[in-house]
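Following full-length UniProt numbering, the numbering of the sequence shown begins with 1 at its first residue and continues without gaps.
This report concerns only the one structure given below.
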Amino acid sequence: MRLRRKRRHSLTNLGLLRLTEYLEGVNFAAYVDLLQTPWRLALLNLIGGIFRGLGIGLGFTVIAGLVVLVLQQLELLNLPVIGKWIADLVQIVDGQLKAREFTY
């Protein structure tokens, strides 16, 4: 009976040691500290959101610029299908710009 109890306790201690090592590895204490200071958590989330928004805006600008450059190069090739599609796209954009002039 005593042997079983000792073995059970040693397994429990081993499990607790593994759990402790895991929680230290994932930096659980810093996470708990962060949750206990809501203003710091809010500030970090605000700063992260600002930089995410800037990254999305700049990334979209770069990608849109590259698409425009590619379309300009395709227009110079004067391909019939793509040229018609680009002409339709230009008409749609012009229509939107003219419609917005009267709404201001």
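The C-beta atom is built at its ideal place from N, Cα and C for all residues, glycine as well.
Below 8 Å between beta carbons: does that hold for residue i and residue j?
i	j	result
Glu-75	Ile-92	no
Arg-40	Leu-34	yes
To the nearest angstrom, how far is it from the Cα of residue i to the Cα of residue j?
i	j	result
Val-70	Ile-56	21 Å
Pro-80	Gly-49	44 Å
Lys-98	Arg-52	33 Å
Leu-23	Ala-29	8 Å
Asp-88	Leu-54	32 Å
Val-90	Ala-64	15 Å
Leu-14	Gln-36	30 Å
Indicate whether at least one CB of chain C lies closer than 8 Å to the CB of residue i.
i	result
Arg-100	Given the protein chain composition of this structure (a single chain), no chain C is represented.
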